[in-house]
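Student: Chains as they are written, first to last, in my numbering: chain F, 1 to 318; chain W, 1001 to 1318.
Just so it is clear, CB atoms sit at the ideal spot from N, CA and C, and this is done for glycine as well.
As the structure is a prediction and not an experimental result, all values here were calculated from the model.
Can you read through this structure? Questions will come right after.
Protein chains: 2
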Amino acid sequence: ADTEATSGAEERNGQLTKPPGALGRLEDLAIWYAGWRGTPRPEIRSPQVIVFAGNHGVTAQGVSAFPPEVTVQMVMNFQHGGAAINQLAKLAGARMDVHALELDRPTADFTQAPAMSPDELLAAVQTGWKAVDPQADLLVVGEMGIGNTTPAAALACVLFGGDAGDWTGRGTGVDDAGLVNKTRVVAEGVARHSGDIQDGLDALARLGGREIAAMAGAIAAARVLRIPVILDGFICTAAAACLARSADGALDHCVAGHQSAEGAHSTLLSALGKEPMLSLGLRLGEGSGAALAIQVLKGAIACHSGMATFAEAGVSDG
Amino acid sequence: ADTEATSGAEERNGQLTKPPGALGRLEDLAIWYAGWRGTPRPEIRSPQVIVFAGNHGVTAQGVSAFPPEVTVQMVMNFQHGGAAINQLAKLAGARMDVHALELDRPTADFTQAPAMSPDELLAAVQTGWKAVDPQADLLVVGEMGIGNTTPAAALACVLFGGDAGDWTGRGTGVDDAGLVNKTRVVAEGVARHSGDIQDGLDALARLGGREIAAMAGAIAAARVLRIPVILDGFICTAAAACLARSADGALDHCVAGHQSAEGAHSTLLSALGKEPMLSLGLRLGEGSGAALAIQVLKGAIACHSGMATFAEAGVSDG
């Protein structure tokens, strides 16, 4: 972040017509955003929401409550404007793009083989990188991929340790027996691949998925472009975690938009040192929680950049 | 609320293209809003934010970090568009009104006498009642009044019991000695008046303030007009609590917009059975936390009323 812009934003924050600290977290968010945008009085004019979709060979293990064809059906729904993320992106005034990554060619079942080859990983990361609009001033990345809480749990487990059960949840709604099976699948994947995983990219290739790799690529591109990112739920955060484990400070341009109802999401956010902006029990993915959080960040920036100072308003500052 | 609209909204919610419950609290909020608006597929088109301002005789006891003239200065700031609430109301597309209630005639110091006479209370409640636009489809009431966390604490204490220290906080930022003094003032007010307080209106007159009474009047009017209300912080919630203690279910048309950093606010919300939508450490008043929460409610309604159903989108519903 730009230290001059950060200092300028801190100074401005101290002069606004409110008691010191009275806007709480909104003040921190505005200063963080100003630093990444390189101006002490920023605006949010061009947010971008990108939804990446992928299919997962591991669904052969019965890890989801929904059939894999729902991925492509939901991509159609995104394209026709009918999904939750369409409504939330529109409300936020955000451009929305959808990238379906080879849905007819699912990743390999990671209990049997690496999910992706190095070339497949690279292609997916590049799709994500190139999807970011360099003119965007805020980015949300979301995902659709039936079965993808399973690779997300496997990634979190291999990156941060602990048992498969610590990271495995009900996703879109598997029952008790489904949860036991899903936990077994995560444990098998981690056991099979952990010896070959040295960093976040190895983890992404062996246990991830195309849409997860694309999210990581987009988040990395945003850092280079100085575009702040609002992280979504468990799967998005798992993608981000692969970057964090590959380079220190790789997520400094990211804030956590919300805490998902998927149980392990709060553990994952804590491991990354990120405090969620919202906690409303969402567990949909698609970027929905992060898109909702755009509304809060817009409030923070509206106050920071729009309020009068004590001197301008002729108000006594205590 | 309209049970037919509520049932219709619940039915629609079950058909939308998402796993059951995946939008968490947004689903409950949309159904609640639909019930009060009397339609299963509502929109938010005309939110209203009203800021009431009043002055408090109890400031003579040194309970605030800011001098009382700041109330009128901030009213000017509201009228010129420079305060936080102006930015947040604008962002929410809300009409904003400001009502200054006899700022040159503060209430009486409640350690010495009732804050207001019955006639003064009635005038203030009527100002609030009449301020509500019958065409509004969502209401936020906020306040400005140097010293007004002190009457709010006294109201909470007399309505819900406990010690003055349980309900007294730092407001806009009194120091340790200031907090001790403020707690003494609250305790003296409660001790002086509690024997004469039978219901919420008695409490409002003896320990409240004009802007607090006006907020209560506006919240009550909104119920009659079937306008849902988002409650703001500690002072707004104390005003609402006076209604709750006067009639069962008086706050069924209200949701809690946020949990303030003022310590006793969470206790007060729990006493009213209200769960806050946001918890971002705000403690500004003016309606700021509730106006920010409009953004979240808009997200809930955008999803509920804008999403495609499984049948419309041709998506398999698991």
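Round the Cβ separation of A222 of chain F and V132 of chain F to the nearest angstrom and send it over; I've been treating them as touching at under 8 Å.
Tutor: As a position in the first sequence, residue 222 of chain F is number 222, starting the count at 1. As a position in the first sequence, residue 132 of chain F is number 132, starting the count at 1. With 8 Å as the limit, A222 of chain F and V132 of chain F qualify as a contact, their Cβ atoms being about 6 Å apart.
Student: Along the region 287-308 of chain F, what residues have a CB closer than 7 Å to any CB found in chain W?
Tutor: Cβ contacts with chain W come from L292, Q295, V296, K298, G299, A302, C303, G306, M307, A308.
Student: Is the number of C-beta pairs between the region 262-275 of chain F and the region 295-312 of chain F that are closer than 8 Å three or more?
Tutor: Counting Cβ pairs under 8 Å, fewer than three are found: no touch.
Student: Given that a residue counts as buried once 16 or more other Cβ atoms are within 10 Å of its Cβ, and exposed if not, what is D1199 of chain W?
Tutor: Along the second sequence, read from residue 1 onward, the residue named residue 1199 of chain W stands at position 199. Flag for D1199 of chain W reads exposed.
Student: In its own chain, which residues sit with a C-beta less than 7 Å from the C-beta of T71 of chain F, not counting the 5 before and 5 after it?
Tutor: One-based indexing of the first sequence puts residue 71 of chain F at position 71. Taken in chain order, the residues that qualify are A53, N55, L103, M144, G145, I146.
Student: Taking the DSSP output, what are the residues bridged to I1050 of chain W?
Tutor: Position 50 of the second sequence, counted from the start, is the residue given in the question as residue 1050 of chain W. Per DSSP, W:D1097, W:V1141.
Student: Out of W:R1206, W:A1187, W:P1047, W:A1060, state which residue places its alpha-carbon closest to the alpha-carbon of P1134 of chain W.
Tutor: By one-based count along the second sequence, residue 1134 of chain W stands at place 134. Nearest C-alpha to P1134 of chain W: W:P1047.
Student: For chain W, find out if any of its Cβ atoms is closer than 8 Å to the Cβ of S266 of chain F; answer yes or no.
Tutor: For the purposes of this step, residue 266 of chain F is taken as the residue at position 266 of the first sequence. It does not: the Cβ of S266 of chain F has no partner Cβ on chain W nearer than 8 Å.
Student: Is DSSP giving L16 of chain F helix, strand or coil here?
Tutor: For the purposes of this step, residue 16 of chain F is identified with residue 16 of the first sequence, where counting begins at 1. Note: L16 of chain F maps to strand in three-state DSSP.
Student: Tell me whether V1319 of chain W sits in a helix, a strand or coil according to DSSP, three-state version.
Tutor: In the structure displayed, chain W extends from 1001 to 1318; residue 1319 of chain W sits before or after that span and is not available.
Student: List the residues of chain W that Q61 of chain F touches, going by C-beta distances under 7 Å, in chain order.
Tutor: Here residue 61 of chain F refers to the residue found at position 61 of the first sequence. Near Q61 of chain F there are no residues of chain W at all, since even the closest Cβ is about 17 Å away, more than 7 Å.
Student: In chain order, what are the residue ranges of uninterrupted beta strand (DSSP E) at least 3 long that sit wholly in the region 1031-1090 of chain W?
Tutor: Segments of the beta strand (DSSP E) lying fully in the region 1031-1090 of chain W: 1047-1053.
Student: Got a sec? Which residues, its chain only, sit under 6 Å from R95 of chain F by beta carbon, not counting five neighbours each side?
Tutor: Against the first sequence, residue 95 of chain F aligns to sequence position 95. If we look at R95 of chain F and ignore the five residues flanking it on each side, its Cβ neighbours are Q48.
Student: Among W:Q1015, W:G1189, W:A1240, W:G1062, whose alpha-carbon lies nearest the alpha-carbon of P1151 of chain W?
Tutor: Mapped onto the second sequence, residue 1151 of chain W falls at position 151. Closest by alpha carbon: W:G1189.
Student: For A1084 of chain W, go through chain F and note every residue whose CB falls closer than 7 Å to its CB, in chain order.
Tutor: Mapped onto the second sequence, residue 1084 of chain W falls at position 84. Here the neighbours are K18, L23, C303, M307.
Student: Taking the alpha-carbon positions, what's the T1017 of chain W to F66 of chain F distance?
Tutor: Start at 1 with the first residue of the second sequence, and residue 1017 of chain W comes out as number 17. Start at 1 with the first residue of the first sequence, and residue 66 of chain F comes out as number 66. If you take the alpha carbons of T1017 of chain W and F66 of chain F, they lie about 12 Å apart.
Student: A1177 of chain W and W1167 of chain W - do their beta-carbons sit closer together than 8 Å?
Tutor: Within the second sequence, residue 1167 of chain W is the residue found at index 167, counting from 1. Within the second sequence, residue 1177 of chain W is the residue found at index 177, counting from 1. Contact: no.
Student: Write down the C-beta distance between T149 of chain F and I235 of chain F rounded to the nearest angstrom, noting that I regard them as a contact closer than 8 Å.
Tutor: One-based indexing of the first sequence puts residue 149 of chain F at position 149. One-based indexing of the first sequence puts residue 235 of chain F at position 235. 6 Å between Cβ atoms; contact.
Student: Let me check one thing: in DSSP terms, what residues is C1254 of chain W bridge-paired to?
Tutor: As a position in the second sequence, residue 1254 of chain W is number 254, starting the count at 1. The partner list for C1254 of chain W (beta bridge, DSSP) reads W:V1229.
Student: Using a threshold of 8 Å, state whether the C-beta atoms of V158 of chain F and I212 of chain F are closer than that.
Tutor: The sequence position of residue 158 of chain F within the first sequence is 158, counting from 1. The sequence position of residue 212 of chain F within the first sequence is 212, counting from 1. Contact: no.
Student: Tell me the rounded alpha-carbon separation between Y1033 of chain W and R1045 of chain W.
Tutor: Mapped onto the second sequence, residue 1033 of chain W falls at position 33. Mapped onto the second sequence, residue 1045 of chain W falls at position 45. Their Cα atoms are separated by approximately 13 Å.
Student: Give the interface partners of L103 of chain F over in chain W, defined as CB-CB distance under 9 Å, in chain order.
Tutor: The count along the first sequence starts at 1 and reaches residue 103 of chain F at position 103. Going along chain W, no residue has its Cβ under 9 Å from L103 of chain F, so there is no contact; the nearest lies around 14 Å.
Student: Along the alpha helix (DSSP H) that carries G306 of chain F, what are the first and last residues, could you check?
Tutor: As a position in the first sequence, residue 306 of chain F is number 306, starting the count at 1. G306 of chain F -> alpha helix (DSSP H) spans 288-306.
Student: Verify the CB distance criterion: does H1056 of chain W have a CB-CB separation below 8 Å to chain F?
Tutor: What you label residue 1056 of chain W is simply residue 56 of the second sequence in a count that begins at 1. For H1056 of chain W, the answer is no, since every Cβ of chain F falls outside 8 Å of its Cβ.
Student: Nearest to Q126 of chain F by CA position, among F:A60, F:L207, F:I219, F:L179, is which residue?
Tutor: As a position in the first sequence, residue 126 of chain F is number 126, starting the count at 1. Selected option, being the one with the closest Cα: F:I219.
Student: Just to confirm, is the Cβ distance from A1293 of chain W to H1258 of chain W under 8 Å?
Tutor: Residue mapping note: residue 1293 of chain W aligns to position 293 of the second sequence, counting from 1. Residue mapping note: residue 1258 of chain W aligns to position 258 of the second sequence, counting from 1. In this structure, H1258 of chain W lies closer than 8 Å to A1293 of chain W by Cβ.
Student: Spell out whether any CB of chain F is found under 8 Å from the CB atom of D1009 of chain W.
Tutor: Counting from one through the second sequence, the residue named residue 1009 of chain W turns up at place 9. The question names Asp, but residue 1009 of chain W is Ala in the sequence shown. Answer no: the Cβ-Cβ gap between A1009 of chain W and chain F never drops below 8 Å.
Student: Check whether chain W comes within 8 Å of A313 of chain F, counting only Cβ atoms and requiring the distance to be less than that.
Tutor: Residue mapping note: residue 313 of chain F aligns to position 313 of the first sequence, counting from 1. Yes, A313 of chain F lies at the interface with chain W (some Cβ there is under 8 Å from its Cβ).
Student: Answer with buried or exposed for L1105 of chain W, where buried requires no fewer than 16 other C-beta atoms within 10 angstroms of its C-beta.
Tutor: Translated into positions along the second sequence, residue 1105 of chain W becomes position 105. The identity of residue 1105 of chain W in the sequence shown is Arg, whereas the question assumes Leu. It counts as exposed.
Student: By the 10 Å Cβ neighbour count, where 16 or more other Cβ atoms means buried, how is P1118 of chain W classified, buried or exposed?
Tutor: The sequence position of residue 1118 of chain W within the second sequence is 118, counting from 1. By the 10 Å Cβ count, P1118 of chain W comes out exposed.
Student: Quick one, are the C-beta atoms of V140 of chain F and A30 of chain F less than 8 Å apart?
Tutor: For the purposes of this step, residue 140 of chain F is identified with residue 140 of the first sequence, where counting begins at 1. For the purposes of this step, residue 30 of chain F is identified with residue 30 of the first sequence, where counting begins at 1. No; because the gap between Cβ atoms is not below 8 Å, this pair is not in contact.
Student: Is DSSP giving L1278 of chain W helix, strand or coil here?
Tutor: Here residue 1278 of chain W refers to the residue found at position 278 of the second sequence. Correct three-state label for L1278 of chain W: strand.
Student: Would a check of beta-carbon distances place M1144 of chain W closer than 8 Å to chain F?
Tutor: As a first step, residue 1144 of chain W must be located in the second sequence, where it is residue number 144. Judged by the 8 Å Cβ criterion, M1144 of chain W is not in contact with chain F.
Student: Using a Cβ-Cβ cutoff of less than 6 Å, which residues in the same chain neighbour S1266 of chain W once the five nearest sequence positions on both sides are dropped?
Tutor: Residue mapping note: residue 1266 of chain W aligns to position 266 of the second sequence, counting from 1. Within the same chain, S1266 of chain W has close Cβ partners Q1259.
Student: Which residue wins for smallest C-alpha separation from G1161 of chain W, given the options W:L1282, W:K1130, W:R1170, W:A1241?
Tutor: Stepping through the second sequence from its first residue, residue 1161 of chain W is reached at position 161. Among W:L1282, W:K1130, W:R1170, W:A1241, the Cα nearest to that of G1161 of chain W is on W:A1241.
Student: Alpha carbon to alpha carbon, what distance is there between M1307 of chain W and S288 of chain F?
Tutor: Here residue 288 of chain F refers to the residue found at position 288 when the first sequence is read from its first residue. Here residue 1307 of chain W refers to the residue found at position 307 when the second sequence is read from its first residue. Their backbone Cα atoms lie some 13 Å apart in a straight line.
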